[in-house]
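Only one structure is covered here, and it is reproduced in the block below.
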Amino acid sequence: MLKVDTEKCTGCGECEESCTFDAIFVKDGVAVVDHDVCTLCGICVDGCPEGALELHVEAGAFATDLSSWKGIWVVAECRGGDLASVTLELLAKSRELAAELDAEVTAVLMGQGIESKARELIFHGADRVLIVDHHELATFTDEVYGNILADLAKRERPEIILAGATAMGRSYIPRVATILETGLTADCTGLDIRSEDKALLQTRPAFGGNLLATIVCPEHRPQMATVRPHVMKANAPDPGRKGEVIRIVPRKSLLGHKVQVIESVKEQAEGPNLSEADIIVTAGRGFEQEKNVELARELADLLEGTVGSTRAAVDAGWLSSRTQIGQTGVTVSPKLYIACGVSGAIQHIVGMQGSEIIVAINKDAEAPIFDVTTYGLVGDVKEILPLLIKRIQKERGL
Amino acid sequence: MNIVVCIKQVPNAKTVRYDTEKGTLVREGVEAIINPFDFHALEAGLHLKDAYGGEVTVLSMGPPQAENALRESLSLGADKGVLLSDRAFAGADTLATTYTLAKAIEKLGPVDLVLCGKQAIDGDTAQVGPGLAARLGLPYVTCVNALSVMDDEKTIQVRRINEDGYDILELEMPALLTVLASINTPRLPSLKGKMMARKTEIPIWDAEGIGAKPSMVGLTGSATRVVSTWVPTFEARREMFGGSAEEQVDALVSRLKAAGIL
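So this is what it looks like as structure tokens:
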């Protein structure tokens with residue numbers, strides 16, 4: 442409950458200005474709260490120059506009328522002028538969920554100069570697109586993106602919010618969930634609707650994929666999840682699809698940020714990024730020398746894949762730490778994973794065992810990597826890779 | 032510089048076994064370690080303390096035995112350890128965890144920098160850092176792998192890694208960062224540190240001690256509920272090719288063609 446300290450309140454009207462719900466106004470020189478309308482968003486509390494407002498949160502204060510939250514939101518991500526593939530994957534999944542909930546699918550798109558992407562979102566499944574196009578959104582900051590999304594969600598009350606479990610999504614979506622005081626399930630690989638109560642069933646791996654858990658958010662809304670890229674399938678665009686585009690002008694108070702972006706650098710040296718690659722060729726200790734790692738690059742290029750590494754290969758200085766797959770690196774789940782000269786320490790396995798097809802090439806037939814592989818080749822990578830490269834080139838008529 | 036490092040005690044992946052029948056992990060015989068990312072957060076804090084002075088406080092929420100993780104941190108050079116332990120904290124999701132940690136940090140007093148690992152290797156959520164920053168009203172940056180303090184000793188410059196490259200960002204303290212393993216190489220405990228760790232008293236704070244509302248901690252304060260867990264099984268899909276290198280390569284190519292990849 443929002444409380445006004447009538448001793449401190451000077452009736453200045455700042456709170457009345459800031460409230461998006463007309464839930465607080467000045468009467469007879471003092472702020473009065475309309476508790477039926479107030480959503481406890483706290484904007485007025487932060488803005489009160491006298492510190493006269495306070496949110497009292499009691500047990501059950503968040504217990505919300507669940508039926509007043511409607512619709513599915515997909516938080517679109519735009520990187521380097523293109524929509525992230527996970528955004529399109531989420532739109533396809535949302536259409537399935539929406540059919541069970543009889544709900545609308547709304548895409549939320551933030552950035553600068555992104556208007557042209559609205560059509561694409563509609564073609565891929567959005568019924569509505571909320572566009573926030575502003576120069577302050579040209580570069581991503583957790584504070585501004587988070588504040589705007591949280592503010593929109595408070596006003597529009599979606600039942601479900603889905604975002605990509607990308608570096609960006611996993612960074613600012615937790616902020617949004619915390620502001621909204623609701624649950625958030627990280628890095629989901631499965632989403633479904635429970636038939637009896639229409640709850641969102643969110644399945645995610647834990648312990649590096651050794652355990653799977655299905656999670657619900659029973660009494661809080663929205664139900665929020667970040668979803669691992671590449672697990673769900675996008676629909677082909679349907680240029681016949683129609684949708685509504687709504688332009689949102691963000692309030693100034695939401696645009697303040699304390700983190701300044703000095704420089705953004707792209708490093709695209711090793712092919713497509715690891716978490717979105719269909720094919721990954723990983724180099725481990727078995728390459729013995731830096732020059733041999735070229736074989737992994739050659740194979741990756743040939744397959745239009747990307748190169749990954751183990752801790753050993755990073756420590757040896759052959760590949761940069763951003764290519765490291767495993768517990769303290771990146772978790773990947775491509776269609777094809779080729780582990781070359783990788784022994785298969787558990788710390789590496791947990792980062793790649795979700796891959797569809799796993800191929801391992803190792804000298805040691807007893808190496809633990811073979812426990813999780815689909816196809817195993819026993820031999821020296823320096824001998825096998827050149828043969829494999831030649832064979833694929835022949836296959837492709839090169 | 033007052034630095035708080037949040038750490039979590041987690042099961043060592045090497046010693047964990049899984050019960051495929053019950054769909055849970057077998058807790059017996061599991062070694063408890065400091066979450067690997069948190070070692071790097073601690074090292075980042077100790078490194079700043081070495082350069083700029085101040086104090087490093089290590090904070091952990093967990094069962095009583097999580098005290099071991101705090102003692103280990105003290106042996107590495109942390110000045111203080113605080114254990115948040117209370118039955119009421121049990122079953123906390125990230126919403127309840129960030130609330131509890133925030134209440135404890137508020138009790139610790141003014142802080143310049145809060146450091147967390149990027150994620151814990153058991154839950155893998157990566158949500159506590161950003162959520163805690165939101166609770167504390169601090170600016171934050173996740174996935175940091177380089178950190179330096181500017182001449183004014185108030186502004187920090189950090190490098191944030193993303194899928195396509197990296198960003199260089201500046202922010203003023205107080206702030207919160209979550210760090211990657213590539214940010215540094217953690218030090219080893221010193222003899223002096225080990226002695227200090229044995230002697231230092233580690234206070235245990237409960238819900239009442241940090242002024243936490245019972246409705247907002249542990250399972251009661253959690254928005255999410257686990258419905259079921261299971262252990263994924265790898266169907267017997269392993270095929271080892273035999274024969275010469277050429278024969279093995281041929282076998283692989285034919286399988287990949289059948290799978291529609293080649």
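For the record, the sequence lines run as chains A and B.
If you use the numbering used here, the first sequence corresponds to residues 442 to 839, in order.
If you use the numbering used here, the second sequence corresponds to residues 32 to 293, in order.
Positions of the beta carbon are idealized from the N, C-alpha and C atoms, including for glycine.
Reference residue i; option with closest CA among the options
i: residue 509 of chain A; options: A:836, A:660, A:790; result: A:660
i: residue 183 of chain B; options: B:230, B:48, B:204; result: B:204
i: residue 152 of chain B; options: A:650, A:775, A:511, A:613; result: A:650
i: residue 224 of chain B; options: B:292, B:107, B:36, B:206; result: B:107
i: residue 174 of chain B; options: B:276, B:161, B:130; result: B:161
i: residue 489 of chain A; options: A:512, A:465, A:476; result: A:465
i: residue 655 of chain A; options: B:222, B:263, B:235, B:166; result: B:263
i: residue 751 of chain A; options: A:744, A:723, A:742, A:735; result: A:723
i: residue 608 of chain A; options: A:475, A:699, A:780, A:669; result: A:669
i: residue 586 of chain A; options: A:838, A:827, A:517; result: A:517
i: residue 755 of chain A; options: A:741, A:746, A:734; result: A:734
i: residue 217 of chain B; options: B:44, B:34, B:33, B:68; result: B:68
i: residue 691 of chain A; options: A:546, A:523, A:571; result: A:571
Residue i at chain A interface by Cβ criterion, 8 Å
i: residue 257 of chain B; result: yes
i: residue 154 of chain B; result: yes
i: residue 166 of chain B; result: yes
i: residue 93 of chain B; result: no
i: residue 290 of chain B; result: yes
i: residue 45 of chain B; result: yes
i: residue 49 of chain B; result: yes
i: residue 131 of chain B; result: no
Nearest-angstrom Cα separation, counted from residue j out to residue i
i: residue 520 of chain A; j: residue 702 of chain A; result: 16 Å
i: residue 213 of chain B; j: residue 198 of chain B; result: 15 Å
i: residue 749 of chain A; j: residue 193 of chain B; result: 15 Å
i: residue 63 of chain B; j: residue 270 of chain B; result: 35 Å
i: residue 487 of chain A; j: residue 238 of chain B; result: 26 Å
i: residue 540 of chain A; j: residue 633 of chain A; result: 11 Å
i: residue 578 of chain A; j: residue 763 of chain A; result: 26 Å
i: residue 739 of chain A; j: residue 731 of chain A; result: 14 Å
i: residue 447 of chain A; j: residue 463 of chain A; result: 19 Å
i: residue 836 of chain A; j: residue 743 of chain A; result: 11 Å
i: residue 502 of chain A; j: residue 593 of chain A; result: No answer about residue 502 of chain A holds up, because its pLDDT of 42 lies below 50 and its placement is not dependable.
i: residue 569 of chain A; j: residue 689 of chain A; result: 13 Å
i: residue 500 of chain A; j: residue 243 of chain B; result: Caution applies to residue 500 of chain A, whose pLDDT of 46 falls short of 50 and renders its modelled position unreliable; the model cannot decide the point.
i: residue 498 of chain A; j: residue 247 of chain B; result: With a pLDDT of 49 at residue 498 of chain A, under the threshold of 50, the modelled position of this residue cannot be trusted, and the question is left open.
i: residue 41 of chain B; j: residue 252 of chain B; result: 22 Å
i: residue 279 of chain B; j: residue 788 of chain A; result: 28 Å
i: residue 580 of chain A; j: residue 181 of chain B; result: 22 Å
is_contact[residue i, chain B] using C-beta, thresh 8 Å
i: residue 768 of chain A; result: yes
i: residue 778 of chain A; result: no
i: residue 809 of chain A; result: no
i: residue 836 of chain A; result: yes
i: residue 789 of chain A; result: no
i: residue 824 of chain A; result: yes
i: residue 733 of chain A; result: no
i: residue 706 of chain A; result: yes
i: residue 620 of chain A; result: yes
Outcome for residue i when other beta-carbon atoms lying within 10 angstroms are tallied against a minimum of 16
i: residue 530 of chain A; result: buried
i: residue 627 of chain A; result: buried
i: residue 103 of chain B; result: buried
i: residue 455 of chain A; result: buried
i: residue 576 of chain A; result: exposed
i: residue 189 of chain B; result: buried
i: residue 834 of chain A; result: exposed
i: residue 671 of chain A; result: buried
i: residue 806 of chain A; result: exposed
i: residue 96 of chain B; result: exposed
i: residue 276 of chain B; result: buried
Beta bridge counterpart(s) of residue i as assigned by DSSP
i: residue 781 of chain A; result: A:724, A:802
i: residue 747 of chain A; result: A:721
i: residue 114 of chain B; result: B:91, B:235
i: residue 259 of chain B; result: A:655
i: residue 42 of chain B; result: B:63
i: residue 148 of chain B; result: B:210
i: residue 34 of chain B; result: B:87, B:144
i: residue 130 of chain B; result: Paired residues: none, contrary to the question.
Closer than 7 Å: residue i CB and nearest the ligand SAM heavy atom
i: residue 148 of chain B; result: Because no ligand of any kind appears in the structure shown, any question about the ligand SAM cannot be addressed here.
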